[in-house]
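Numbering (the working numbering), first residue to last: 462 to 753.
All C-beta atoms in this analysis are idealised placements derived from N, C-alpha and C, irrespective of residue type, glycine included.
Here is the structure we will look at.
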Ligand SMILES: [Zn+2]
């Protein structure tokens, strides 16, 4: 592994190298928040005009909050929670590109092996890293960049309650991670993904404010809960086509008794499958900016 620290690279997509752009975008409520605010005002006015209706208006407010909760948990790729990328741009699709993405690393055992496998097949990928782990393994984070992949923002500490954070706490997780990753690797992440993919209705403005794009997935393998490669490969390969974004994990991996982690059994077969389909795995930054 190289001990050379790459020189800071200016992002070529208009992203700032610090977490707070000079010109902050205007705060815009996501669709689910807009409808919720309208409903709250409507119920308040209705209750003021006719106080006897309070059980009904309170019921509507409770139902509203339950529907938002259901959207967060059941429909993580919903456009109602803000814009999010679930496929690569059309130009990347026409070039026959797909995007492998790895969450929750870098891991000192698994990530180097993932990097070696990607090298064997000439594949490039995006690593959605937890900033705490980047700080713990700075050389590994720099090695990801050095091998032609991108390191993206997956929060500072991967808190499980992230989807229920308020706007200030969301911004703190995103901005702290952005600064830590940029300082360590010399390259600013261009994309963000929430822990477990659960998005708060307040998240989209915080992501936009940090100069990031939200990246979801087309298909995911659920490799952190599988104990064998087969079901993961089935989920990833069924209908696999150009433009797909695939979600895997190089951190928090499953390691059945005495065996190697499931991801290391999945990845060679997946890369072989991509090769047979003549699909090229590139980083999200390459796919979206056509950087070669
Ligand atoms: Zn994660």
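Residue 450 versus residue 718: straight-line alpha-carbon distance, rounded
The chain is shown only over 462 to 753; residue 450 falls outside these bounds and no answer can be derived.
Residue 658 and residue 673: beta carbons closer than 8 Å?
Position 197 of the chain shown, counted from the start, is the residue given in the question as residue 658. Position 212 of the chain shown, counted from the start, is the residue given in the question as residue 673. Their beta carbons are not under 8 Å apart, which means residue 658 does not touch residue 673 by this criterion.
Taking the alpha helix (DSSP H) that residue 535 belongs to, which residues open and close that run?
As a first step, residue 535 is located in the chain shown; it is residue number 74 there, counting from the start. That run of the alpha helix (DSSP H) goes 515-535.
Which word fits residue 493, buried or exposed, when buried means at least 16 other C-beta atoms lie within 10 angstroms of its C-beta?
Within the chain shown, residue 493 is the residue found at index 32, counting from 1. Taking every protein chain shown into account, the CB of residue 493 has 16 or more other CB atoms within 10 angstroms, so this residue is buried.
Answer with buried or exposed for residue 610, where buried requires no fewer than 16 other C-beta atoms within 10 angstroms of its C-beta.
Within the chain shown, numbered from 1, the residue matching residue 610 stands at position 149. Label assigned to residue 610: buried.
So, for residue 576: in the same chain, excluding its five sequence neighbours on each side, which residues have a beta-carbon less than 8 Å away from its beta-carbon?
Working through the chain shown from its first residue, we reach residue 576 at position 115. Excluding sequence neighbours, residue 576 sits near 604, 605, 608 and 610.
Compute every distance between the C-beta of residue 650 and the non-hydrogen atoms of ligand 1, then say whether any falls below 7 Å.
Counting from one through the chain shown, the residue named residue 650 turns up at place 189. Outside the cutoff, so no.
Going by C-alpha to C-alpha distance, which of 645, 620 and 698 sits closest to residue 633?
In the chain shown, counting from the first residue as 1, residue 633 sits at position 172. Closest by alpha carbon: 620.
When the Cα of residue 624 is compared with those of 649, 551 and 667, which residue comes out closest?
Locating residue 624 in the chain shown gives position 163, where the first residue counts as 1. Closest option to residue 624, Cα to Cα, is 667.
Residue 754 bridges to which residues according to DSSP?
Outside the shown range of the chain (462 to 753) lies residue 754, about which nothing can therefore be said.
Between residue 546 and residue 675, is the Cβ-Cβ spacing less than 8 Å?
The count along the chain shown starts at 1 and reaches residue 546 at position 85. The count along the chain shown starts at 1 and reaches residue 675 at position 214. Their beta carbons are under 8 Å apart, which means residue 546 touches residue 675 by this criterion.
Determine whether the beta carbon atoms of residue 631 and residue 664 lie at a separation below 8 Å.
Within the chain shown, the letter at position 170 stands for residue 631. Within the chain shown, the letter at position 203 stands for residue 664. In this structure, residue 664 lies closer than 8 Å to residue 631 by Cβ.
For the alpha helix (DSSP H) containing residue 564, list its first residue and its last residue.
In the chain shown, the residue the question calls residue 564 occupies position 103. Not the alpha helix (DSSP H): residue 564 falls in the beta strand (DSSP E), residues 558-564.
Span separating the alpha-carbon of residue 477 from that of residue 738:
The sequence position of residue 477 within the chain shown is 16, counting from 1. The sequence position of residue 738 within the chain shown is 277, counting from 1. Unreliable positioning characterises residue 477 in this predicted model, as indicated by a pLDDT of 38, which lies under 50. The coordinate reading is nonetheless provided below. If I take the Cα positions, the gap works out to 37 Å.
Cα separation between residue 702 and residue 551?
Within the chain shown, numbered from 1, the residue matching residue 702 stands at position 241. Within the chain shown, numbered from 1, the residue matching residue 551 stands at position 90. Using only the alpha carbons, I get a separation of about 12 Å.
Tell me the rounded alpha-carbon separation between residue 723 and residue 505.
As a working mapping, residue 723 is identified with position 262 in the chain shown. As a working mapping, residue 505 is identified with position 44 in the chain shown. So the alpha carbons of these two residues sit roughly 53 Å apart.
Work out the CA separation of residue 689 and residue 730 for me, nearest whole Å.
As a working note, residue 730 is residue 269 in the chain shown. As a working note, residue 689 is residue 228 in the chain shown. Cα to Cα, residue 730 sits roughly 13 Å from residue 689.
Pull up the CB-CB distance for residue 595 and residue 705, whole angstroms please, since I reckon it's below 8 Å.
Taking the chain shown and counting its residues from 1, the one referred to as residue 595 is at position 134. Taking the chain shown and counting its residues from 1, the one referred to as residue 705 is at position 244. The pair is not a contact, with the Cβ atoms about 27 Å apart (cut-off 8 Å).
Whether or not the segment 732-750 and the segment 575-590 are in contact is what I'm after, with contact meaning three or more pairs of Cβ atoms, one per stretch, closer than 8 Å; do they touch?
yes
Using only the alpha-carbon positions, how far apart do residue 588 and residue 498 sit?
By one-based count along the chain shown, residue 588 stands at place 127. By one-based count along the chain shown, residue 498 stands at place 37. Each residue's Cα considered, the two are about 36 Å apart.
I want to check one thing, is the minimum distance from the CB of residue 657 to the heavy atoms of ligand 1 below 7 Å?
Stepping through the chain shown from its first residue, residue 657 is reached at position 196. Indeed, a heavy atom of ligand 1 lies less than 7 Å from the Cβ.
Looking only at DSSP bridge pairs, what is residue 546 linked to?
As a first step, residue 546 is located in the chain shown; it is residue number 85 there, counting from the start. Note: residue 546 sits in a beta bridge opposite 676.
Spatial neighbours of residue 514 within its chain, please: CB distance less than 7 Å, with the 5 preceding and 5 following residues excluded, ordered by chain position.
Within the chain shown, the letter at position 53 stands for residue 514. Correct list, in chain order: 507 and 508.
Collapsed DSSP secondary structure at residue 723 in the structure displayed:
In the chain shown, the residue the question calls residue 723 occupies position 262. Here residue 723 sits in helix by DSSP.
Residue 614 burial status per 10 Å Cβ neighbour count (16 or more: buried)
For this step, residue 614 is matched to residue 153 along the chain shown. Buried.
Going by DSSP in three states, residue 501 sits in which element: helix, strand or coil?
For the purposes of this step, residue 501 is taken as residue 40 along the chain shown, with counting starting at 1. DSSP places residue 501 in helix when its eight states are reduced to three.
CA-to-CA distance, residue 574 to residue 554, given in whole angstroms:
Residue mapping note: residue 554 aligns to position 93 of the chain shown, counting from 1. Residue mapping note: residue 574 aligns to position 113 of the chain shown, counting from 1. If you take the alpha carbons of residue 554 and residue 574, they lie about 28 Å apart.
Rounded to the nearest angstrom, what separates residue 517 and residue 697 at their Cα positions?
Sequence index remark: in the chain shown, residue 517 carries index 56 (1-based). Sequence index remark: in the chain shown, residue 697 carries index 236 (1-based). Computed Cα separation, rounded: 45 Å.
Quick check on this structure: which residue in 732, 654 and 496 has the alpha carbon closest to the alpha carbon of residue 639?
Stepping through the chain shown from its first residue, residue 639 is reached at position 178. It is 654 whose Cα lies nearest to the Cα of residue 639.
If I measure Cβ to Cβ from residue 679 and keep anything under 8 Å in the same chain, skipping five residues before and after, which residues do I get?
On the chain shown, residue 679 is found 218 positions in, with the first residue counted as 1. Around residue 679: 547, 548, 704, 705, 706 and 707.
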